[in-house]
Amino acid sequence: MFDSLTSRFSASLNSLRSRGKISPSDIDNTCQEIRQALLEADVALPVVTEFVENVRVRSLEALPTLQSGSNQAQAIFEIINQILVEVLGNEARRVRFSKQPPTVIMLVGLQGAGKTTLAGKLAKFFADQGNTPLLVASDLQRPNAVTQLQVVGESTGIPVFAPEPGNGVGNAVKVAKDGVAFAKSKLHNMVIVDTAGRLGVDATLMKEAIAIRDAINPNEILFVVDAMIGQDAVRTAQAFLDGVGFDGVVLTKLDGDARGGAALSIAQLTQRPIMFVSTGEKLTDFDIFYPERMASRILGMGDVATLAEQAKKAFDPAASAKLESKFASGEDFTLDDFLEQISAMSKMGSMSKMLSMLPGAGQMKKQIDNFDDSEMVRTRAIVESMTPLERRDPKVLNGSRRTRIARGSGRAVSEVNSLVDRFSKAQKMMRQMRNGGIPQGLPPAMYQGAGAGMGQTKKAQPAKKKSKSGNPAKRALEERG
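Okay, structure coming up:
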């Protein structure tokens, strides 16, 4: 996501930082590089022109007040970041809940944009927050659209209102209207209506969408668009805005777009906020769109806030408190504890995706892309093939036990040995940290001068040995003394 744009922005800004005093010509060169980067990212030309002009004007206005050196480059960097946040919509907008439930959300967009899957993701997102959503299958045109929504609903535990089989059979407007009435009778506080799309914008599509809108009077109309179609996303959005109208945008398949032109264009040109993004195939690969976080990622500063939120969701507070208490009491970290941590991390998604949210991840793109996410699966298989005793006390793992574990997990004995060795070293390091010591194996620069801070005492120097006298009688007296 935004890989090409991030790399181009990073190169341009690094070039600016390498200069001493920044001149107006340096700003012009930077603006040209930014313009080229945005055009290559398939950002709409009007947005590119306005973005670059804002960067140029604000930077030149600020330049006389800035000191020479790195402060100038940092100030211009902050100007670019602020303009990028403005282009993306300034701040996240949440769904407006109806004062009289249910809150009705209508999804519109072209066929293939991912509306049906998005409906399931959106329903799960709100269900996890304690809401009681109902999915309504009003896409009666696309083959098996109703069945797909039922499968998605079953996988998430969300009920689906689908009185018609679809595949060209049934009245979509009546289904939507009856779905809202059903939600009221069953006390659902939210209704998500999946509507039909077409391969292109046409009169039939708009007529049906407008009829559904007028029948159910939705609180929010969300335009669902495939981020990979580039500038076509803007043209399609404008057509829907002029036709049925919409309140917010949802970008799907954002993980498959290395350019990101749609995200940078659509909010600016339609003056409608991007409210949600879908970043993967899993139902959990979905989140609120935060302009400031997205700007941070585009500029190569990572997205630590989102990473922290995902970690908070994945790690059970009770398990974390138990582990902390165990560590404080002096108990050893066991393979059972290790297994719990692996399980929690797997809930956060792929490791490569998590690493990409760290600051400076763009400079490690090759290493992140080469990271083998299946390594965690193999590690988990090895640990789960152990008995409870072996997980608590790896010292009992003799040759025959390791062979059995290797067979049970489908891995080589050498992999089992490697895991046990690495775990033993980690366990030893945790003991040293708990006891206020410095873990062995750290480079000297990390602990030189840190003895007092870590509660360490200076090691006493051994006393020098005295020379013995050559006189036997005198030496005997010295030894007795």
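Residue numbers (this note's numbering): 1 to 481. Ideal placement from N, C-alpha and C gives every residue a C-beta, glycine not left out.
Cα-Cα separation, residue i to residue j
{"i": "L419", "j": "K282", "result": "29 Å"}
{"i": "F423", "j": "R380", "result": "13 Å"}
{"i": "G245", "j": "K115", "result": "17 Å"}
{"i": "G109", "j": "I80", "result": "32 Å"}
{"i": "K124", "j": "V250", "result": "15 Å"}
{"i": "I438", "j": "L397", "result": "For I438, the pLDDT reaches just 45, beneath the cut-off of 50, and the residue's location in the model is therefore unreliable, although a value from the coordinates is still provided. Answer to the nearest angstrom: the Cα atoms are 28 Å apart."}
{"i": "S414", "j": "L299", "result": "42 Å"}
{"i": "P46", "j": "L264", "result": "11 Å"}
{"i": "K21", "j": "E78", "result": "17 Å"}
{"i": "A145", "j": "A92", "result": "31 Å"}
{"i": "A62", "j": "S25", "result": "14 Å"}
{"i": "N171", "j": "P218", "result": "18 Å"}
{"i": "A169", "j": "T387", "result": "According to the sequence as given, residue 169 is Val; it is not Ala. Taking the straight line from one Cα to the other gives about 56 Å."}
{"i": "A215", "j": "I27", "result": "54 Å"}
{"i": "L88", "j": "V55", "result": "15 Å"}
{"i": "Q148", "j": "E164", "result": "13 Å"}
{"i": "L442", "j": "D421", "result": "Note on L442: pLDDT 42, under 50, position unreliable in the model; no value is reported."}
{"i": "E33", "j": "T334", "result": "53 Å"}
{"i": "D255", "j": "I288", "result": "15 Å"}
Residue closest to residue i, alpha-carbon to alpha-carbon, out of the options
{"i": "L122", "options": "L339, S343, V277", "result": "V277"}
{"i": "M430", "options": "G170, D332, S385, R391", "result": "D332"}
{"i": "P273", "options": "Q72, L16, R94, A62", "result": "R94"}
{"i": "L187", "options": "D255, S325, R17, L134", "result": "L134"}
{"i": "Q129", "options": "F77, N189, Q72", "result": "N189"}
{"i": "V160", "options": "I192, S185, N167, N171", "result": "I192"}
{"i": "V152", "options": "D194, Q111, A181, G170", "result": "D194"}
{"i": "K184", "options": "S98, E220, A196, E164", "result": "S98"}
{"i": "A267", "options": "R297, Q100, D247, S374", "result": "D247"}
{"i": "D202", "options": "R402, Q111, V416", "result": "Q111"}
{"i": "R213", "options": "V225, G261, A196", "result": "A196"}
{"i": "G166", "options": "A181, V180, Q150", "result": "Q150"}
{"i": "Q74", "options": "A113, L16, L88, S23", "result": "L16"}
{"i": "V530", "options": "L339, R402, T403", "result": "The structure shown has nothing for residue 530, since the chain only spans 1 to 481."}
{"i": "A233", "options": "S18, I210, A211, A262", "result": "A262"}
Classification of residue i by the beta-carbon crowding that lies within 10 angstroms, buried from 16 upward
{"i": "R293", "result": "buried"}
{"i": "S409", "result": "buried"}
{"i": "P444", "result": "Residue placement at P444 is poorly supported in this model, since its pLDDT is 39, which falls under 50; the coordinates are not used for a value here."}
{"i": "T30", "result": "buried"}
{"i": "K207", "result": "exposed"}
{"i": "T204", "result": "exposed"}
{"i": "V104", "result": "buried"}
{"i": "L13", "result": "buried"}
{"i": "M228", "result": "buried"}
{"i": "E390", "result": "buried"}
{"i": "K253", "result": "buried"}
{"i": "R142", "result": "buried"}
{"i": "P102", "result": "buried"}
{"i": "P394", "result": "buried"}
{"i": "E53", "result": "exposed"}
{"i": "G453", "result": "Confidence in G453 is poor, its pLDDT being 36 and thus under 50, which makes the residue's placement too unreliable to answer from."}
{"i": "V57", "result": "exposed"}
{"i": "R407", "result": "exposed"}
{"i": "S59", "result": "buried"}
{"i": "S296", "result": "buried"}
{"i": "R96", "result": "exposed"}
{"i": "T49", "result": "exposed"}
{"i": "D336", "result": "exposed"}
{"i": "Q72", "result": "buried"}
{"i": "A113", "result": "buried"}
{"i": "E375", "result": "exposed"}
Continuous alpha helix (DSSP H) stretch holding residue i: start and end
{"i": "P24", "result": "24-40"}
{"i": "I382", "result": "374-384"}
{"i": "G200", "result": "It is not in any alpha helix (DSSP H) - G200 carries neither H nor E in the DSSP assignment."}
{"i": "I485", "result": "The displayed coordinates of the chain run from 1 to 481. Any statement about residue 485 would go beyond what the structure contains."}
{"i": "S265", "result": "261-270"}
{"i": "I158", "result": "Unbroken run through I158: none, as it is neither H nor E."}
{"i": "D226", "result": "That residue, D226, is in no alpha helix (DSSP H); its beta strand (DSSP E) goes 220-226."}
{"i": "V180", "result": "172-185"}
{"i": "D255", "result": "That residue, D255, is in no alpha helix (DSSP H); it is neither H nor E in DSSP."}
{"i": "S400", "result": "399-409"}
{"i": "I298", "result": "291-298"}
Range covered by the beta strand (DSSP E) that runs through residue i
{"i": "T252", "result": "248-252"}
{"i": "T195", "result": "190-195"}
{"i": "V136", "result": "133-138"}
{"i": "S98", "result": "No beta strand (DSSP E) holds S98; DSSP gives it neither H nor E."}
Closer than 8 Å to chain B by CB, residue i
{"i": "I342", "result": "Note that chain B does not occur in the displayed structure, where there is just one protein chain."}
Taking 8 Å as the threshold, find out whether the region 31-46 comes into contact with the region 4-17 through three or more Cβ pairs. yes
Pairing CB atoms from the region 118-133 with CB atoms from the region 143-157, are three or more of them under 8 Å? yes
Would you call the region 134-149 and the region 172-183 touching, i.e. three or more CB-CB distances under 8 Å? yes
Is there contact between the region 82-92 and the region 232-245, where contact requires at least three CB pairs shorter than 8 Å? no
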